[in-house]
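A.B. asks: Dropping a structure here in structure tokens format, bear with me for questions.
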Amino acid sequence: MGKDRFEFGKNWKEFLENLTDERIKEAEKSLQEWLNTENLQGKSFLDIGSGSGLFSLAARNLGANVFSFDYDKNSVGCTEYLKNKFYKDDSNWIVEKGDILNKEYLSKFDKFDIVYSWGVLHHTGNLYQALENANSLVADGGILFIAIYNDQGQASKMWYGVKKAYNGAPKALRGFILALCFIRLWGPTTIKDILKGKPFYTWRTYIKQRGMSPRHDVIDWVGGYPFEVAKPEEIFSFFHEKDYTLEKLFTAGGGHGCNQYVFRKG
Numbered sequence: 000m001g002k003d004r005f006e007f008g009k010n011w012k013e014f015l016e017n018l019t020d021e022r023i024k025e026a027e028k029s030l031q032e033w034l035n036t037e038n039l040q041g042k043s044f045l046d047i048g049s050g051s052g053l054f055s056l057a058a059r060n061l062g063a064n065v066f067s068f069d070y071d072k073n074s075v076g077c078t079e080y081l082k083n084k085f086y087k088d089d090s091n092w093i094v095e096k097g098d099i100l101n102k103e104y105l106s107k108f109d110k111f112d113i114v115y116s117w118g119v120l121h122h123t124g125n126l127y128q129a130l131e132n133a134n135s136l137v138a139d140g141g142i143l144f145i146a147i148y149n150d151q152g153q154a155s156k157m158w159y160g161v162k163k164a165y166n167g168a169p170k171a172l173r174g175f176i177l178a179l180c181f182i183r184l185w186g187p188t189t190i191k192d193i194l195k196g197k198p199f200y201t202w203r204t205y206i207k208q209r210g211m212s213p214r215h216d217v218i219d220w221v222g223g224y225p226f227e228v229a230k231p232e233e234i235f236s237f238f239h240e241k242d243y244t245l246e247k248l249f250t251a252g253g254g255h256g257c258n259q260y261v262f263r264k265g
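Going by numbering that gives the first Met the number 0, the residue at position 109 of the sequence shown is 108; the numbering climbs one at a time, nothing skipped.
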């Protein structure tokens with residue numbers, strides 16, 4: 000996607016420095032709840048854009064045969080770090096550098112029981128081609144679990160401009176853009192905490208839950224480019240036409256986060 004594509008993996012390195020057993024268990028619990036199962040024994044699990052590798056690890060811990068790939072070399076390194084730490088020399092977890100938009104690369108894969116891609120496909124530069132390619136990897140009767148940025152209309156257009164400007168700006172100017180966005184995203188919450196007599200309560204809780212500081216998370220959000228969004232009904236319509244049934248849905252409630260979908264094919 001060119002030089003303006005944001006390198007998410009640099010932030011994931013810090014996330015791994017703060018990764019705890021509790022956070023790993025939370026990831027496992029999340030997969031169990033979203034996929035409505037106690038374990039993934041014998042299931043094949045594809046993690047498109049594996050990022051930190053946390054959910055690949057969670058799937059492997061639940062018994063799945065896991066294949067992880069990411070476009071970003073640092074993210075691949077993060078996933079490989081977790082694999083080597085917990086499953087060194089395990090042939091049932093494979094990690095590679097790959098691109099969901101590269102059909103030649105994807106042609107080597109068989110179909111998967113579970114295809115997982117959380118907050119990734121909207122950063123490829125071609126969301127609907129990425130969705131189409133992800134669909135091609137799901138087995139009949141299989142599950143597609145994705146998270147896609149919510150379309151906020153004008154607000155999304157504003158953030159698109161901010162992200163594009165940030166990625167194209169010289170390093171000195173990036174700090175200024177980040178400072179303004181940090182105030183916009185965290186200022187109101189910080190003031191509310193102070194007025195409640197709990198200074199930086201949300202900040203401290205956020206670090207515990209996310210494992211990444213608010214500062215690095217803002218960098219992740221502001222730097223996240225390419226950037227595309229979709230309304231829930233648009234994603235539903237796209238997959239309904241391909242014979243998918245929506246099993247679970249969580250929306251961002253009009254906010255700038257991700258809408259999460261679990262579809263079953265056929």
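In this text, a Cβ means the ideal position worked out from N, Cα and C, and glycines have one as well.
In whole angstroms, give me the CA-to-CA distance for residue 202 and residue 101.
C.D. replies: By one-based count along the sequence shown, residue 202 stands at place 203. By one-based count along the sequence shown, residue 101 stands at place 102. C-alpha separation (whole angstroms): 39 Å.
A.B. asks: When we look at the beta-carbon of residue 63 and count the other beta-carbons within 10 Å, is it buried (16 or more) or exposed?
C.D. replies: Here residue 63 is taken as the residue at index 64 of the sequence shown, counted from 1. Buried: at least 16 other Cβ atoms inside 10 Å.
A.B. asks: Going by Cα to Cα distance, which pick from 158, 48 and 238 is closest to residue 131?
C.D. replies: For the purposes of this step, residue 131 is identified with residue 132 of the sequence shown, where counting begins at 1. The shortest C-alpha separation from residue 131 is found at 238.
A.B. asks: Please work out which residues of its chain come closer than 6 Å, Cβ to Cβ, to residue 81, disregarding the five sequence neighbours upstream and downstream, and give them in chain order.
C.D. replies: Stepping through the sequence shown from its first residue, residue 81 is reached at position 82. For residue 81, where only same-chain residues beyond five positions count, the Cβ hits under 6 Å are 52 and 56.
A.B. asks: For residue 44 and residue 115, which I take to be in contact (beta-carbon distance under 8 Å), what is that distance rounded to the nearest angstrom?
C.D. replies: Position 45 of the sequence shown, counted from the start, is the residue given in the question as residue 44. Position 116 of the sequence shown, counted from the start, is the residue given in the question as residue 115. Rounded, the Cβ-Cβ distance is 7 Å, consistent with contact.
A.B. asks: Return the first residue and the last residue of the beta strand (DSSP E) that residue 102 is part of.
C.D. replies: Reading the sequence shown from its first residue, position 103 is the one you call residue 102. Counting along the chain, residue 102 falls outside any beta strand (DSSP E), though it belongs to the alpha helix (DSSP H) covering 102 to 105.
A.B. asks: To the nearest angstrom, report how far apart residue 124 and residue 167 are at their CA atoms.
C.D. replies: To locate residue 124, count along the sequence shown from 1; it is residue 125. To locate residue 167, count along the sequence shown from 1; it is residue 168. The straight-line gap from Cα to Cα measures roughly 15 Å.
A.B. asks: Excluding the 5 residues flanking residue 118 on each side, which residues of the same chain have their C-beta closer than 7 Å to its C-beta?
C.D. replies: Residue numbering aside, residue 118 sits at position 119 when the sequence shown is read from its first letter. Same-chain partners within the cutoff: 146 and 257.
A.B. asks: Considering residue 178, what are the terminal residues of the alpha helix (DSSP H) in which it resides?
C.D. replies: Mapped onto the sequence shown, residue 178 falls at position 179. From DSSP, the alpha helix (DSSP H) with residue 178 extends over 170 to 194.
A.B. asks: If you measure between the beta carbons of residue 33 and residue 66, is that distance less than 9 Å?
C.D. replies: The residue labelled residue 33 in the question sits at position 34 within the sequence shown. The residue labelled residue 66 in the question sits at position 67 within the sequence shown. Contact: no.
A.B. asks: Could you check what DSSP says for residue 228 in three-state terms: helix, strand or coil?
C.D. replies: Numbered from 1 along the sequence shown, position 229 holds the residue referred to as residue 228. It is coil, neither helix nor strand.
A.B. asks: Threshold first: 3 residues or longer. Then list the beta strand (DSSP E) segments lying entirely within the segment 68 to 137, N to C.
C.D. replies: For the segment 68 to 137, whole beta strand (DSSP E) runs of length 3 or above, ordered along the chain, are 92 to 96 and 111 to 117.
A.B. asks: Only counting the same chain, and skipping five residues up and downstream in sequence, which positions put a Cβ closer than 8 Å to that of residue 177?
C.D. replies: Here residue 177 refers to the residue found at position 178 of the sequence shown. Counting only Cβ-Cβ distances below 8 Å, and skipping sequence neighbours, we find 165, 217, 218 and 221.
A.B. asks: By a C-beta neighbour count over all protein chains shown, 10 Å radius and 16 as the cutoff for buried, is residue 19 buried or exposed?
C.D. replies: Reading the sequence shown from its first residue, position 20 is the one you call residue 19. Exposed, since its Cβ has fewer than 16 Cβ neighbours within 10 Å.
A.B. asks: Buried or exposed for residue 1, going by 16 or more other Cβ atoms inside 10 Å?
C.D. replies: Here the question's residue 1 lines up with position 2 in the sequence shown. Below a pLDDT of 50, predicted positions are generally treated as unreliable, and residue 1, at 41, falls in that range; no measurement from the model is reported.
A.B. asks: For the alpha helix (DSSP H) that residue 21 lies in, which residues bound it at each end?
C.D. replies: What you label residue 21 is simply residue 22 of the sequence shown in a count that begins at 1. It spans 20 to 34 - the alpha helix (DSSP H) in which residue 21 sits, taken as one unbroken run.
A.B. asks: Would you say residue 70 and residue 97 are within 9 Å of each other, going by their C-beta atoms?
C.D. replies: Indexing the sequence shown from 1 puts residue 70 at position 71. Indexing the sequence shown from 1 puts residue 97 at position 98. Yes, the pair counts as a contact, with Cβ atoms nearer than the cut-off.
A.B. asks: Taking only three categories from DSSP, how would you classify residue 37?
C.D. replies: Position 38 of the sequence shown, counted from the start, is the residue given in the question as residue 37. Residue state, collapsed to three classes: coil.
A.B. asks: In this structure, does DSSP put residue 46 in helix, strand or coil?
C.D. replies: Here residue 46 corresponds to residue number 47 of the sequence shown, with the count starting at 1. It is a strand residue.
A.B. asks: On the CB-based measure, 16 or more other CB atoms within 10 Å of its CB, does residue 183 come out buried or exposed?
C.D. replies: The sequence position of residue 183 within the sequence shown is 184, counting from 1. Under this definition residue 183 is an exposed residue.
A.B. asks: Assuming residue 255 and residue 171 are in contact, meaning their beta carbons sit under 8 Å apart, how far apart are those beta carbons, in whole angstroms?
C.D. replies: Translated into positions along the sequence shown, residue 255 becomes position 256. Translated into positions along the sequence shown, residue 171 becomes position 172. Incorrect: roughly 26 Å between the Cβ atoms, too far for contact.
A.B. asks: Which residue's Cα is closest to the Cα of residue 231: 246, 191 and 260?
C.D. replies: Stepping through the sequence shown from its first residue, residue 231 is reached at position 232. The residue with the shortest Cα to Cα distance from residue 231 is 260.
A.B. asks: Can you name the residues that DSSP bridges to residue 263?
C.D. replies: Counting from one through the sequence shown, the residue named residue 263 turns up at place 264. Answer is 142 and 244, bridged to residue 263.
A.B. asks: Nearest chain D C-beta to residue 25 closer than 9 Å, yes or no?
C.D. replies: Of the protein chains in this structure there is only one, and it is not chain D.
A.B. asks: Using the Cα positions of residue 174 and residue 215, report the straight-line distance between them to the nearest angstrom.
C.D. replies: Taking the sequence shown and counting its residues from 1, one reaches residue 174 at position 175. Taking the sequence shown and counting its residues from 1, one reaches residue 215 at position 216. Taking the straight line joining both Cα atoms gives about 12 Å.
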